[in-house]
Amino acid sequence: MLVGAAERPVCLPSCQHISTKHTIHLSLLALSPGHRFEDNPGVRRHLVKKPSRSQSTRTSRKMVSTPSVKKKKKKKKLDRRPHEVFVELNELVVDKNQEMHWKETARWIKFEEDVEEDTARWGKPHVASLSFRSLLELRKTIAHGAVLLDLEQTTLPGIAHLVVETMIISDQIKGDDRANVLRALLLKHSSEGHRGKYLKLMEKIPEDAEASVVLVGCVQFLEQPTMAFVRLNEAVFLESVLEVPIPVRFIFVLLGPSQANVDYHEIGRSISTLMSDKVGLFHEAAYMADDRQDLLNAINEFLDCSIVIPPVCQHLSPRERGGSCSYVPVVTPVHHVSPELCEVKAEEEEEGDAEDDPLRRTGICFGGLVQDIKRRYPKYLSDIRDALHSQCLAAVLFIYFAALSPAITFGGLLGEKTEGLMGVSELIISTSVLGFLFSLLGAQPLLVIGFSGPLLVFEEAFFKFCQSQGIEYLTGRVWIGLWLIVFIFIIVAAEGSFLVRYISPFTQEIFAFLISLIFIYETFYKLYKVFTEHPLLKFYPPSLMQPNTALLSLILMLGTFFIAFFMRKFKNSRFLGGKARRIIGDFGIPISILVMVLVDYTITDTYTQKLNVPSGLSVTSPQKRDWFIHPLGSRQAFPMWMMFASAIPALLVFILIFMETQITTLIVSKKERKLMKGSGFHLDLLLIGTMGGLCALFGLPWLTAATVRSVTHVNALTVMSKAIAPGEKPKIEEVKEQRVTGVAIAVLVGLSIVMGNMLRRIPLAVLFGIFLYMGVTSLTGIQLYERLLLIFMPSKHHPDHVYVIKVKTWRMNLFTCIQLACIVVLWVVKSTVASLAFPFILIMTVPLRRFLLPRFFQDRELKALDSEDAEPNFDEDGQDEYNEMHMPV
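Numbering (full-length UniProt numbering), first residue to last: 1 to 889.
Dropping the structure here:
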């Protein structure tokens, strides 16, 4: 692209965001009206002077007849619906044998890719920057050239013949040049014979895409440039024209002498860029145009919404240039969609969402539960069929370790907090049985049922309370479980799940951030205990043969974390092939565990604490308890007053289960994830609450929908679309919604007790690394975490998120600090004797956001801060493999 005083790169943003002083109005440059092809003087003169042409010429005259005549002769309705477009730019070149042929020099799949001259390889995809002069020259050529719309031809020779005849009719070329121009249009294309090398490329092109072929070049036999814009009445396959087998709908031809002072390459890039923008004004006009003037109007409006960036400012970022555009250039003026059409689409989407809204109240007792069953259970068979995919197998192995690690780690912590009354054995059995039943019966089987940090806080607080009152802890849990079932049935009968609507992202972010902090904190707390129990000393007594235990535990923890973390990053790298990267990325956690277990196994002279997995189905402390817990007390009578007073802690347990289950379902069911089978808030709450209440009779822990593990499960089952433009961020194509992975994970967790000999070889430090990995990776995608980082970042480097653009920086930071203050309060409550009130303090963040914050923040600010414009937290699978796809031309 030439950059100079008269020719400068064009930035093409939405004109709605451009001030008058930055906009170059091009209305004075617009051509005078009356340049419709049907009124071209050359055509009229030709029709008068040469009425006796051949049949082919008469066919050409039909193509330039008036629109009313054309419409009368149409036998069928033409397809004017805009399609995705693949654009290929071909230029005339001379080979070493001095023979001319068409060579592909660039292509567009949303972004531009050019052939690098030195290496003959495809360069990186990039946003096309157009020169201002080339756009003016393009408009001029379309104004005076040949425009053939809805041409009824299916072969390249037939199209070329009509194009040449039309060029003669419009006085662009002489009759003597007919043969030379026709011969040039039918020259061989260098992309012929390379189709087998582009299977990769076909995956990036949408199925309904149509192609635009741009042919430009210099020929010495012409005295002046000649142009033709062709739109076929339907897309057809043209043999040996494109590098990929895609039907062609548009052909643009520009030929002329080298002395014409026309940059044919830049004009070809300009028309290619305009055609490739699937939401742009010209792209739509190319499909909908009835005549030449419609195309000219589209170019005029495109130019009116363009700004010129001076050469001195090209190196500046969009924010440094004044923020008028997000990148150079934006080629999509957004005002081509009418506001009325946007409102209609929005209303249709809202109506569609309302019809299938799982939180919509019916006004009937248990009406929401009935709707959940009617919505979800008819798709039960598909929940089995959809599991027949290799990605589901990888998800089972991945989530098995992700579910087993917290079960064992939290089980160890639970055993410490309850003095062995509940531990690893009980938590594994509870996770397996409840997970199995929920995967079979739940409305959202992608949820992973497990123990959580807030529940651990409650168990510790209630155990201390029972000790202080001289009450049997496990018997008290039985009555809490019975009251929990009562509360669950009341809420489900009253369709109380609609209350989740009032749990705004403000509370969701606090809750998710707090859970991630608990994961990270417990990791380093356990490591700290290892260092205190195995301190580093200068001299060790002979009886103590474990001088390097703490150091090796640290190495195992960090090694597990970094291997799993970088395996996740490796999935999006450029090493190896795409399938190999995906396999390595999906099995990152199992690989990290296996590697560090082998490291520990090879170091025989240093002790490390291993997993304490019981042999068979036995409780953690057989001398203290049995499998069944008597409601009236096992070793002493349970006080009558506590049977009724248990309703208070049961209410707190209900709050925890309600919030974590419902918030997790909200996060998993975001529209961005494109789940198609729906969810069931009432049914899932009933199952989890009822099963949890019954678990208390057997001395098993209560479980809830685990946020981190559930999101990880959905991510592992997400299939990314391959039909994306090279360089474009991958998009979610579908999620394998099924029940088999959840059932398989629960079964494997249960069999872990049988595999005790194998699991006893896994050091606890390795599980600490998995805990750290889950806590760190779960922070990604939480807006609170992103805004927390922005506090330490200069405002000029802030990303263009909604909450950054619409909220002043200091007010955005104030909102973040309020959330951090809530987290600090919750952490203090959790760590003191008042920890039993933790769920109540957590639920108070809902009225804080709903009633108090509107007094300090404007509605538009709160809407922006509550916006969920961040990408869903999934691995970017399916990214283009440049090194494989960018092969020699």
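We put the CB at the ideal spot given by N, CA and C, even for glycine. None of the values given here were measured: they were computed from a predicted structure.
Residue i (DSSP reduced to helix, strand or coil)
i: Asp-150; result: strand
i: Val-115; result: strand
i: Ile-251; result: strand
i: Cys-305; result: coil
i: Phe-462; result: helix
i: Arg-81; result: coil
i: Leu-232; result: strand
i: Ser-822; result: With the sequence shown as reference, residue 822 is identified as Cys, and Ser is not the correct amino acid for it. Note: Cys-822 maps to helix in three-state DSSP.
i: Ser-573; result: coil
i: Ala-493; result: helix
i: Ser-516; result: helix
i: Arg-61; result: Summary for Arg-61: the model assigns pLDDT 36, below 50, so the residue's position carries little reliability, and this model does not support an answer.
i: Glu-210; result: strand
i: Ala-298; result: helix
i: Met-844; result: coil
i: Gly-588; result: helix
i: Leu-784; result: helix
i: Lys-610; result: strand
i: Leu-138; result: helix
i: Gly-442; result: coil
Proximity winner among the options, relative to residue i (alpha-carbon distances)
i: Phe-458; options: Ala-494, Arg-477, Val-262, Asp-290; result: Arg-477
i: Ser-272; options: Ser-258, Leu-182, Gly-217, Glu-112; result: Glu-112
i: Ala-550; options: Val-530, Phe-562, Glu-522; result: Val-530
i: Leu-617; options: Ala-211, Thr-741, Gly-742, Gly-423; result: Gly-423
i: Glu-207; options: Arg-635, Lys-731, Leu-185, Pro-247; result: Pro-247
i: Thr-777; options: Lys-624, Ile-168, Asn-715, Thr-532; result: Asn-715
i: Arg-133; options: Arg-269, Arg-860, Met-676, Leu-675; result: Arg-269
i: Ile-439; options: Ala-512, Ile-688, Asp-357, Gln-469; result: For the record, residue 439 in the displayed sequence is Ser; it is not Ile. Closest by alpha carbon: Ile-688.
i: Glu-266; options: Ser-452, Thr-141, Asp-79; result: Thr-141
i: Leu-136; options: Ala-106, Glu-301, Leu-556; result: Glu-301
i: Gly-420; options: Pro-445, Leu-404, Phe-463; result: Phe-463
i: Leu-748; options: Leu-784, Arg-183, Ile-399, Cys-466; result: Ile-399
i: Pro-157; options: Ala-403, Arg-139, Leu-182, Asp-150; result: Leu-182
i: Phe-250; options: Asn-180, Lys-188, Thr-155; result: Thr-155
i: Met-596; options: Phe-565, Leu-611, Met-557; result: Met-557
CB-CB length for residue i against residue j, believed under 8 Å
i: Val-396; j: Ser-710; result: Incorrect: roughly 15 Å between the Cβ atoms, too far for contact.
i: Thr-707; j: Asp-684; result: About 14 Å separates the two Cβ atoms, so there is no contact after all.
i: Ala-443; j: Ser-669; result: Contact flag wrong, Cβ pair sits at about 10 Å.
i: Thr-507; j: Thr-845; result: 5 Å
i: Gly-692; j: Leu-484; result: 6 Å
i: His-101; j: Ser-190; result: 6 Å
i: Gly-750; j: Ser-432; result: 3 Å
Residues that residue i bridges to, as DSSP identifies them
i: Gly-559; result: Beta-bridge pairing links Gly-559 to no other residue.
i: Lys-674; result: None; Lys-674 has no bridge partner.
i: Lys-103; result: Glu-91
i: Gly-123; result: BP columns for Gly-123 are empty, so no partner.
i: Trp-108; result: Val-87, Glu-112
i: Glu-734; result: Val-719
i: Cys-695; result: Cys-695 is not bridged to any residue.
i: Met-774; result: Met-774 is not bridged to any residue.
i: Ile-791; result: Answer is none; Ile-791 lacks a bridge partner.
i: Ala-705; result: Ile-449
i: His-189; result: Trp-102
Proximal residues to residue i (C-beta, below 8 Å), its chain only, five neighbours per side dropped
i: Ile-584; result: Met-567, Phe-570, Lys-571, Leu-576, Ile-591
i: Gly-256; result: Cys-218, Val-219, Leu-222, Gln-224, Pro-225, Thr-226, Val-262, Tyr-264
i: His-283; result: Pro-82, Val-85, Leu-274, Met-275, Ser-276, Asp-277
i: residue 892; result: The question about residue 892 has no answer, for the chain in this structure spans 1 to 889.
i: Leu-826; result: Ile-510, Leu-514, Phe-838, Ile-841, Leu-842
i: Gly-175; result: Ile-168
i: Ala-394; result: Ile-583, Asp-586, Phe-587, Ala-716
i: Leu-686; result: Leu-369, Ile-488, Phe-489, Val-492
Own chain residues within Cβ distance below 6 Å of residue i, not counting five before or after
i: Gly-435; result: Ile-449, Ala-746
i: Ile-364; result: none
i: Val-740; result: Ala-387
i: Leu-764; result: Gln-609
i: Phe-298; result: Here residue 298 is Ala; the residue named in the question, Phe, does not match the sequence. Excluding sequence neighbours, Ala-298 sits near Leu-281, Phe-282, Ala-285.
i: Gly-453; result: Ile-515, Ile-518
Contacts around residue i, its chain only, beta-carbon distance under 7 Å, and the 5 residues preceding and following it disregarded
i: Asp-177; result: Phe-221, Leu-222
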